[in-house]
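Engineer: Residue numbers (the numbering used here), protein chains in the order written: chain R, 6 to 563; chain A, 587 to 805; chain H, 159 to 264. Okay, here's the structure, questions in a sec.
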Amino acid sequence: MNRIATAASEEPSYLGGEHSIKSWLLTKDHKRIAVLYLISVTLFFIVGGIAALLVRLELLTPAGDLLTADGYNRAFTVHGIVMIFFFLIPGIPAVLGNFLIPLMIGARDLAFPRINLLSWYLYIVGGLIAVVTILLGGVDTGWTFYTPYSSVYANGAVVLTGLAAFVAGFSSILTGLNFIVTIHKMRAPGMTWFRLPLFVWAHYATSLIQMLATPVVALAILLVVIERAFGFGIFDPAVGGDPVLFQHLFWFYSHPAVYIMLLPGMGVMSELMAAFSRRRVFGYHIIAFSSLAIAALGFLVWGHHMFVSSQSPYAGLVFSILTMMVAAPSAIKVFNWTATLHKAEVRFDAPMLYALGFLGLFLIGGLTGVMLGTLGLDVHVHDTYFVVAHFHYVMVGAVVMAFLGGLHFWWPKMFGRMYPQLPARISAVLIFIGFNATFFPQFVVGYLGMPRRYWEYVPEFQIYHVMSTMGSFVLGVGYLLPLIYLLWSLRYGEKASENPWDAVGVEWLTPSPPTSHNFHETPTVVWEAYEHEMFPGSEVASGRPAAVPSHSRLAEAD
Amino acid sequence: MNHSHTAESDARLFHQFADMEQQHESWSLGMWVFLASEVLFFGALIFSFLLYRSVYWPTFLEGTHELDLVIGGINTAILLTSSFTMVLAVYTAQNGNHRMAAFWLIVTSLLGLAFIGVKIHEYGLKWEHHLIPIQGLEFEWHGEHPQQARMFFSFYFTLTGLHALHVLVGILAIWVVAYRVAKNHFGNDYMPVEIMGLYWHFVDLVWIFLYPILYLFRA
Amino acid sequence: MNQQQTHHPEHHIGLGTYVAVFVALMVLLVVTVAMIHVDLGRTGGFIVAMLIASVKALLVMIYFMHLRTARALTRLFVVFGFFWFAILVVITLSDYLTRAGWPPRV
């Protein structure tokens, strides 16, 4: 521990140095921007979470008593828009990706630090517009903005909400652009494509989707905004427009967007599996390519959201078959992670518990996704709670588990402090239990016929809704706990060493927290991904405890 | 390749890059990736327009006849010329002649302004002919399907409006670059001009497709 | 040739080429406008106009935007942009070309 303190005293960490608010708000350091993002996505998570609790409380009883019908529509719309555009999409890439990609590939920063800061400001502007919209009473369109409801009939500030999503999309495009260029052009000597951590591969695939899909939804939402503001008739059937065209443009982005949320989570999973089973990830190349396959195939299946629109049944058939295909690369990842664990000495530290939670929840979410991709079954359960449960298992269960797992894994690196293990483990278990308690009953009640977005329901469904609401409180406590002990650790936590988990990766050669410029000298990578034997920061390699100042170790690597 | 960078160009090196070559390649790739994204943005809109046009073509044909072929053609010529002057700016910047580079950049931006001017004139004509499809304004159409005509003009204004917005952003950016080139802030580093050029040519490229689909399908 | 000109040979295309491309673009503009007097039918006229526009776009990209001398990676991202646009068009059309009730009766 002392030696770390010495290393830190030579050059201040990125957290030290200037402390003024201005130095944070004008920072071009990818690590500080990641922290800004962490704070802001957490705030939006709380906003979206409050809306979710309102929805769950309303559904506790069959009668619509807590909220008005209109208020209920607005609550689930706020929940959806905030959680998707302001938490899940930027979540892992803009926080963990931003912080880690330059560190993992041995770069001093992202290729475009000023654009990185600009992307945070755009995110904040979009977020503020969203908050203003909420204060003005919100909208009731659902996060999907379906026309002609959104463009003609809906109440509330559709124009403002659309602008919020549009600006947030711009921010997302700039983040993706930055990652693509950084990963192509900024890798350290020796860091070949097949030595990249799988986290970086996953983010590369994510960035491609962000670049190629986001402009289309930006356009679709812009057209809705124009149509509503000026009365242009592009999607309005009353003047010959086709509302299904909006759905095509919307889902061309919004299905791949599921992978914008999920792929970075899968990247986190690969890192956690390797670190806590202390071995190389089984089938490295296959996992790397499966990320690209998911990104590419994810673009071919959007029509499975539109089986019961007036879309052609022949197109539906094709979309259904293609949907089966996109399940394959996801399954490959799950098999490879499981194989990594096989006969390994697995350590069950808190991050690993989150990772195992991801495996369980993603399995259920993924398999029910295949069920829903089947055209015949989807017609039966379309727009029911079965769908709600499915996408929450993937987008909340799996992705938030991965986000928290990654945050617990790299927290010591980001802030130089360890958090207490016991509450972290308890919270991982609580979230797993609470999540299943909340959403598993929704599969059942959905299959029985409970439609989504309904404010009242028949009394025989109440038991499932009560279970779900109870579960959501357990889940809420599970999400609140990390907020408490992680903040506590910032001041009282034990100081973290450079490589507290004995993991492999360039980021573990830097001090915890890293210095502003990341590296004293550019590291040279001589080890394969996750290979302990050649990794200079590993206990196996050096035979020494993992607390040697980084520059000396980097010199050895040369 | 000759890598004898002068001290001047090394002063232009941003801290995150190892050398000027890496910096240049990153900038260039970054702009191209952004333009790939723009292809999808305009592409989706143009596709939507063509989709409706294939269905409502008789009315859209009448709409096309309301647009002035000559005005559109002049604007196309203006933009093509501005692309040429932009290329001259890049060329002179490459040759280290920063004064001429700044001159050609300004010429390019003036041609951009001329394009906007013609566009405003054209919008004015639509106003006079009551062809603005905004709610509350009178929309006069003597053909059979005024609703479809509204849709045609909705697309006309959206397509040309978003394009004009890109032109305006380009003009502002050119002024910033031109100012810095004139002050010789970039020294031997011509890449800022090159990157500016990529964006400007893309805006020209969009118009190369907008002109035929809006003005030329008259048969 | 002065010294700086060898600085970044990868972007160097001669002035003569630029002028030739500009002239070609203007000629193609005249040609495409003139084509409206040739009766090629609705589809034929569309195809010819789009072909001419594509040639113009390619000229701009290859010469003015220096794709001719660009790296393979740059070209790859150009291909990505147009390929993904093609995905959008083809798959969406797979719906419209087989949908009952499309085109709508007007």
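We put the CB at the ideal spot given by N, CA and C, even for glycine. Here the structure is a predicted model, which is why all the values come from computation and not from measurement.
With distances taken from CA atoms, which of R:62, R:384 and R:294 is nearest residue 322 of chain R?
Structural biologist: The option with the nearest alpha carbon to residue 322 of chain R is R:384.
Engineer: Output, in chain order, the set of chain A residues within a Cβ distance shorter than 9 Å of residue 253 of chain H.
Structural biologist: Near residue 253 of chain H there are no residues of chain A at all, since even the closest Cβ is about 11 Å away, more than 9 Å.
Engineer: Got a sec? Which residues, its chain only, sit under 6 Å from residue 36 of chain R by beta carbon, not counting five neighbours each side?
Structural biologist: Closer than 6 Å at Cβ, skipping near neighbours: 19 and 104.
Engineer: From residue 22 of chain R to residue 517 of chain R, what distance separates their C-alpha atoms?
Structural biologist: About 15 Å.
Engineer: Nearest-angstrom Cα distance between residue 713 of chain A and residue 122 of chain R?
Structural biologist: Each residue's Cα considered, the two are about 42 Å apart.
Engineer: Identify the residues that DSSP records as bridge partners of residue 161 of chain R: which are they?
Structural biologist: Note: residue 161 of chain R sits in a beta bridge opposite R:144.
Engineer: How many angstroms separate the CA atom of residue 217 of chain R from the CA atom of residue 600 of chain A?
Structural biologist: Each residue's alpha carbon lies about 28 Å from the other.
Engineer: For the region 231-242 of chain R, list every residue whose C-beta sits within 7 Å of some C-beta in chain A, in sequence order.
Structural biologist: Listed by position along the chain: 231, 235, 236, 237, 238 and 239.
Engineer: Starting from residue 802 of chain A, trace the alpha helix (DSSP H) in both directions and tell me its first and last residue.
Structural biologist: Residue 802 of chain A -> no alpha helix (DSSP H), and no H or E assigned at all.
Engineer: For residue 33 of chain R, which of helix, strand or coil comes out of DSSP?
Structural biologist: Coil.
Engineer: By the 8 Å beta-carbon criterion, what residues does the region 316-335 of chain R contribute toward chain A?
Structural biologist: Cβ contacts with chain A: none found.
Engineer: In chain R, what lies closer than 8 Å to residue 234 of chain H by C-beta?
Structural biologist: Near residue 234 of chain H there are no residues of chain R at all, since even the closest Cβ is about 10 Å away, more than 8 Å.
Engineer: Applying the 10 Å Cβ sphere with the 16-neighbour rule, what's the burial state of residue 10 of chain R?
Structural biologist: Summary for residue 10 of chain R: the model assigns pLDDT 40, below 50, so the residue's position carries little reliability; its value from the coordinates is reported in the next sentence. Burial call: exposed.
Engineer: Is any beta-carbon of chain R found at less than 7 Å from that of residue 216 of chain H?
Structural biologist: Output row for residue 216 of chain H: interface = no.
Engineer: Helix or strand or just coil, what does DSSP make of residue 379 of chain R?
Structural biologist: Residue 379 of chain R: coil per DSSP, three-state reduction.
Engineer: Just to confirm, is the Cβ distance from residue 759 of chain A to residue 692 of chain A under 7 Å?
Structural biologist: Cβ distance not < 7 Å, so residue 759 of chain A and residue 692 of chain A don't count as in contact.
Engineer: Is there contact here, the region 346-359 of chain R with the region 329-338 of chain R, by at least three beta-carbon pairs under 8 Å?
Structural biologist: Touching, no, given that fewer than three Cβ pairs across the two stretches are closer than 8 Å.
Engineer: Flag this pair as touching only if the region 726-740 of chain A and the region 641-648 of chain A have three or more C-beta atom pairs under 8 Å; answer yes or no.
Structural biologist: Yes, since at least three Cβ pairs between the region 726-740 of chain A and the region 641-648 of chain A fall closer than 8 Å, the two stretches touch.
Engineer: Quick check: is the beta carbon of residue 244 of chain H nearer than 7 Å to any beta carbon in chain A?
Structural biologist: Judged by the 7 Å Cβ criterion, residue 244 of chain H is not in contact with chain A.
Engineer: Where residue 204 of chain H and residue 633 of chain A are concerned, what is the direct C-alpha to C-alpha distance, given to the nearest angstrom?
Structural biologist: Computed Cα separation, rounded: 14 Å.
Engineer: Could you tell me if residue 25 of chain R is buried or exposed, where buried requires 16 or more neighbouring beta carbons within 10 angstroms of its beta carbon?
Structural biologist: Flag for residue 25 of chain R reads exposed.
Engineer: Mind checking who residue 389 of chain R pairs with in its DSSP beta bridge?
Structural biologist: In the DSSP output, where bridge partners are listed per residue, residue 389 of chain R has R:456.
Engineer: Buried or exposed: residue 707 of chain A, going by 16 or more other Cβ atoms within 10 Å of its Cβ?
Structural biologist: Exposed, since its Cβ has fewer than 16 Cβ neighbours within 10 Å.
Engineer: How about the region 427-434 of chain R and the region 483-496 of chain R: do they share at least three Cβ pairs that are nearer than 8 Å?
Structural biologist: Flag = yes, the region 427-434 of chain R and the region 483-496 of chain R touch.
Engineer: Give me, in chain order, the residues of the same chain whose beta-carbon lies closer than 7 Å to that of residue 333 of chain R; leave out the 5 immediate sequence neighbours on both sides.
Structural biologist: Nothing meets the Cβ criterion.
Engineer: Taking residue 475 of chain R as part of the alpha helix (DSSP H), name the residues at either end of that continuous run.
Structural biologist: It spans 467-497 - the alpha helix (DSSP H) in which residue 475 of chain R sits, taken as one unbroken run.
Engineer: Closest by CA to residue 165 of chain R, which one among R:126, R:393 and R:227?
Structural biologist: It is R:227.
Engineer: Consider the Cβ of residue 257 of chain H: report whether some Cβ of chain R lies at a distance smaller than 7 Å.
Structural biologist: Yes, its Cβ sits closer than 7 Å to a Cβ of chain R.
Engineer: CB residue 377 of chain R to CB residue 397 of chain R, shorter than 7 Å?
Structural biologist: In this structure, residue 397 of chain R does not lie closer than 7 Å to residue 377 of chain R by Cβ.
Engineer: Quick check on residue 591 of chain A: does DSSP put it in helix, strand or coil?
Structural biologist: With a pLDDT of 43 at residue 591 of chain A, under the threshold of 50, the modelled position of that residue is not reliable, and no figure is offered here.
Engineer: Starting from the Cα of residue 43 of chain R, find the closest Cα among R:125, R:67, R:71 and R:109 and give me that residue.
Structural biologist: Nearest of R:125, R:67, R:71 and R:109 to residue 43 of chain R, Cα basis: R:125.
Engineer: Report the option in R:127, R:168 and R:109 whose CA atom is closest to the CA atom of residue 138 of chain R.
Structural biologist: Of R:127, R:168 and R:109, the residue nearest in Cα terms is R:168.
Engineer: By the criterion of Cβ-Cβ separation under 7 Å, what are the contact partners of residue 601 of chain A in chain R?
Structural biologist: 113, listed in chain order.
Engineer: In chain R, which residues lie with their C-beta within 9 Å of the C-beta of residue 294 of chain H?
Structural biologist: No answer is possible for residue 294 of chain H: the residues shown for chain H start at 159 and end at 264.
Engineer: Between the region 196-229 of chain H and chain R, which residues of the former have a C-beta closer than 7 Å to a C-beta of the latter?
Structural biologist: Residues: none.
Engineer: With a threshold of 7 Å between beta-carbons, can residue 250 of chain H be considered close to chain R, or not?
Structural biologist: Yes, contact with chain R.
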